[in-house]
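Residue numbers (my numbering): 6 to 669. A quick write-up on the structure given underneath.
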Ligand SMILES: Cc1cc2nc3c(=O)[nH]c(=O)nc-3n(C[C@H](O)[C@H](O)[C@H](O)COP(=O)(O)OP(=O)(O)OC[C@H]3O[C@@H](n4cnc5c(N)ncnc54)[C@H](O)[C@@H]3O)c2cc1C
């Protein structure tokens with residue numbers, strides 16, 4: 006009898022019944038791809054308009070997606086009664102703050118309906134106001150509505166919410182409305198009329214990640230809500246999970262399937278250095294800092310000396326109260342806390358207060374002694390309980406790993422300080438990053454699906470919502486655009502018939518889906534392929550870029566696609582999903598390289614440096630570059646920077662017809 010322990014990685018028998026090749030067929034008025042925040046809101050909206058709705062979700066809708074674990078700040082609710090700034094002014098500020106490269110359509114939908122959407126969330130059971138008067142008398146509380154605000158206590162457009170259970174509540178509402186939710190289905194392709202790229206979308210197909218069966222949905226309208234690509238520049242399965250800020254299920258498949266179907270994308274050339282891409286990152290919001298969830302926490306050095314704060318213009322602030330007020334010369338600010346780096350000149354106007362940006366130099370001169378700490382204990386009671394309570398208790402991925410674990414380990418915010426890693430010269434709460442430790446979409450506003458005022462793409466019947474839209478971001482952006490797109494899709498579906506699936510297209514896709522099952526068992530596995538893609542992007546599509554480097558990036562990615570990807574094997578449906586994801590990451594990397602080749606100018610706001618076109622942001626290049634696949638070629642076009650035109654005249658009639666359809 007052998008006494009040897011099973012080898013590491015010893016294969017366990019697959020616990021589910023396999024059904025490779027089996028086809029499950031479904032029909033819907035509206036199909037939603039991705040049951041994350043945008044997806045569930047789209048499904049609820051479409052169902053409220055009377056549509057028969059199907060959600061296909063790769064993970065489990067109850068908690069899936071970047072917002073599944075929670076949300077603590079509900080951004081840019083410029084439609085709330087206490088907001089000092091209206092939706093038009095706030096949207097324009099957000100756009101200007103990105104040098105024009107922010108989605109005017111979805112940003113306006115967000116600013117004009119975030120509060121209205123929050124009230125709907127409240128009807129579903131979400132806690133959005135201080136009903137127990139825990140914060141009575143606090144500076145950030147509006148006594149009339151009992152809403153709590155974050156960051157700018159004068160502007161009052163960001164609402165603090167108790168969002169840890171919003172996702173399960175929305176899932177429950179889907180159930181109540183009869184939305185059919187199919188979890189563990191990874192969508193792999195959009196199906197188009199006559200199987201032609203560039204034609205109307207008539208449904209989608211995917212693979213069940215436990216049985217391996219194919220799922221085919223015919224639909225009159227489809228809402229794509231599968232978030233963004235990650236793991237393009239950095240990948241490590243060992244250092245920190247699979248080193249992503251967002252959940253691993255967000256792997257860019259939404260981009261890849263729309264690209265293959267002929268959809269237009271824009272701003273794909275933007276990427277930036279980001280700790281969110283670093284395998285060495287700390288758990289988000291799990292170390293002491295002063296930004297975002299932890300705003301406006303006091304930071305002290307090892308001797309208890311307070312780090313001074315400055316306003317947008319760099320003027321020192323004397324009191325804690327000034328950290329939450331616009332500076333002289335500002336009527337409101339967008340977000341404070343900032344990083345230790347200097348903001349881009351020209352984007353200062355909306356900058357909030359932050360710890361002094363010259364902390365590094367002053368530490369080196371001996372004025373401050375590392376390490377630094379977030380001094381929760383030194384904060385006024387209301388502020389402390391708002392940070393270590395409402396915020397850390399409800400922020401995505403913090404309720405259990407940070408709040409509960411630290412508390413169980415003995416951390417007491419009334420007494421203890423939490424160490425900050427600012428002294429490592431990273432960004433606020435995080436750590437230093439190299440130029441090649443870039444992210445495309447883990448953080449911030451990034452490129453994505455180009456849509457019109459119906460949130461419809463150039464492919465008739467394909468709508469988009471959430472973080473996968475070009476130039477948009479945030480939980481409330483996903484909620485509001487999902488809510489809006491679901492209604493637009495339902496109204497569109499009323500005028501359409503179900504179209505047949507093109508059998509040849511489906512069979513080609515099934516061949517593609519199942520190919521890794523019979524690939525060379527000695528070939529690379531999905532992790533090696535992902536690491537190879539990341540290395541190509543680090544080497545040839547980092548900082549700085551030129552035509553030669555980008556040509557090499559393209560060549561190596563094509564080489565990986567032609568030689569290594571077909572050899573990447575899967576032994577079960579889970580691995581199959583992983584291999585298909587990496588195939589899509591490869592597709593996204595190629596989209597990014599194509600967009601980088603197309604922009605022949607450098608741009609500070611796009612974090613885009615071309616050695617061969619060094620002039621920064623020349624006016625003739627201040628425009629959206631749009632890419633689209635045509636056969637084996639990439640077609641490039643452009644749009645003026647504010648191509649969406651006037652906000653209200655486009656938004657208001659559509660919004661009114663959405664509300665009327667809900668009522669009916
Ligand atoms: C840790 C963390 C904290 C955050 N905190 C805040 C906050 O406090 N406030 C704020 O405004 N924003 C916050 N955000 C951002 C916010 O969560 C996102 O903006 C929002 O979730 C985006 O919604 P979405 O629907 O576009 O994507 P998601 O919510 O990620 O949903 C996408 C869904 O698509 C599914 N999917 C992907 N591919 C496929 C496929 N091929 N087939 C089927 N399904 C697929 C995924 O599994 C996922 O469920 C946070 C994000 C993170 C990661």
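By construction, the Cβ of each residue, glycine as well, lies at the ideal position given by its N, Cα and C atoms.
Discussion item. Spatial neighbours of residue 609 within its chain, please: C-beta separation below 8 angstroms, excluding the five flanking residues on both sides.
Written reply: 104, 349, 621, 622
Item to complete: Measure the C-alpha to C-alpha separation of residue 369 and residue 383 and round it to an integer number of angstroms.
Response: 25 angstroms
Practice prompt. Thinking residue 331 and residue 91 are a contact (beta carbons under 8 angstroms), I'd like their distance in whole angstroms, please.
Written response: About 16 angstroms separates the two Cβ atoms, so there is no contact after all.
Worksheet item: Is the distance from the Cβ of residue 515 to the Cβ of residue 219 below 8 angstroms?
Response: yes
Practice prompt. Take the Cβ of residue 433 as the centre, count every other Cβ of all protein chains shown within 10 Å, and call the residue buried at 16 or more, exposed below.
Written response: Confidence is the limiting factor: at residue 433 the pLDDT is only 48, short of 50, which leaves the residue's position unreliable and the question unanswerable from this model.
Discussion item. Ligand 1 and residue 232: does any heavy atom of the ligand fall closer than 7 angstroms to the residue's C-beta?
Written reply: yes
Worksheet item: Straight-line CA distance for residue 192 to residue 77?
Response: 30 angstroms
Fill in: Short Cβ contact (8 angstroms threshold) for residue 23 with residue 259
no
Worksheet item: Secondary structure at residue 646, three-state DSSP: helix, strand or coil?
Response: coil
Item to complete: Find the nearest neighbour of residue 472 within the set 36, 41, 153, judged by alpha-carbon distance.
Response: 41
Worksheet item: Of the residues 271, 616, 358, 469, which one's Cα is nearest the Cα of residue 302?
Response: 358
Fill in: Three-state secondary structure (DSSP) of residue 339
coil
Worksheet item: Bridge partners of residue 78, per DSSP?
Response: 165
Worksheet item: Is there contact here, the stretch 525–533 with the stretch 571–583, by at least three beta-carbon pairs under 8 angstroms?
Response: yes
Worksheet entry | Own chain partners of residue 121 with C-beta closer than 7 angstroms, once the 5 adjacent residues on each side are dropped | 84
Worksheet item: What is the rounded straight-line gap between the Cα of residue 231 and the Cα of residue 38?
Response: 6 angstroms
Worksheet item: Whose C-beta lies closer than 7 angstroms to the C-beta of residue 33 among residues of the same chain, with five residues either side of it excluded?
Response: 57, 58, 59, 222, 224
Discussion item. Give me the DSSP bridge partner(s) of residue 196.
Written reply: 208
Worksheet item: What is the rounded straight-line gap between the Cα of residue 352 and the Cα of residue 28?
Response: 53 angstroms
Practice prompt. To the nearest angstrom, report how far apart residue 640 and residue 464 are at their CA atoms.
Written response: 15 angstroms
Worksheet item: Taking only runs of the alpha helix (DSSP H) that begin and end inside the stretch 98–183, which ones reach a length of at least 4 residues, in chain order?
Response: 109–128, 171–182
Worksheet item: Taking the alpha-carbon positions, what's the residue 75 to residue 165 distance?
Response: 12 angstroms
Worksheet item: If you count every other CB in all the chains shown that lies within 10 Å of the CB of residue 360, and 16 or more means buried, which is it?
Response: buried
Discussion item. Measuring only the C-alpha atoms, how far is residue 650 from residue 110?
Written reply: 9 angstroms
Worksheet item: residue 235: beta carbon under 7 angstroms from a heavy atom of ligand 1?
Response: no
Discussion item. Any heavy atom of ligand 1 inside 7 angstroms of the beta-carbon of residue 153?
Written reply: no
Practice prompt. On a CA-only basis, which of 70, 115, 36, 628 is nearest residue 652? Give me that one, please.
Written response: 115
Worksheet item: Roughly how far, in whole angstroms, is the beta-carbon of residue 604 from the beta-carbon of residue 274, given that I think they are within contact range, below 8 angstroms?
Response: 5 angstroms
Discussion item. Between which two residues does the beta strand (DSSP E) holding residue 402 run?
Written reply: Taken as a continuous stretch (DSSP letters only), residue 402 belongs to no beta strand (DSSP E), as it is neither H nor E.
Practice prompt. Could you tell me the distance, in whole angstroms, from the CA atom of residue 453 to the CA atom of residue 633?
Written response: 12 angstroms
Fill in: Helix, strand or coil at residue 320 according to DSSP, with G and I counted as helix
coil
Worksheet item: Are the CB atoms of residue 339 and residue 102 nearer to each other than 8 angstroms?
Response: yes
Worksheet item: How about residue 81 and residue 577: are their beta carbons less than 8 angstroms apart?
Response: no
Practice prompt. Kindly list the residues whose CB is nearer than 6 angstroms to the CB of residue 549, restricted to its own chain and excluding five residues on each side of it in sequence; keep chain order.
Written response: 614, 616
Item to complete: Report the rounded CA-to-CA distance for residue 374 versus residue 417, giving the unit in angstroms.
Response: 24 angstroms
Practice prompt. Could you tell me the boundaries of the alpha helix (DSSP H) in which residue 264 lies?
Written response: 258–266
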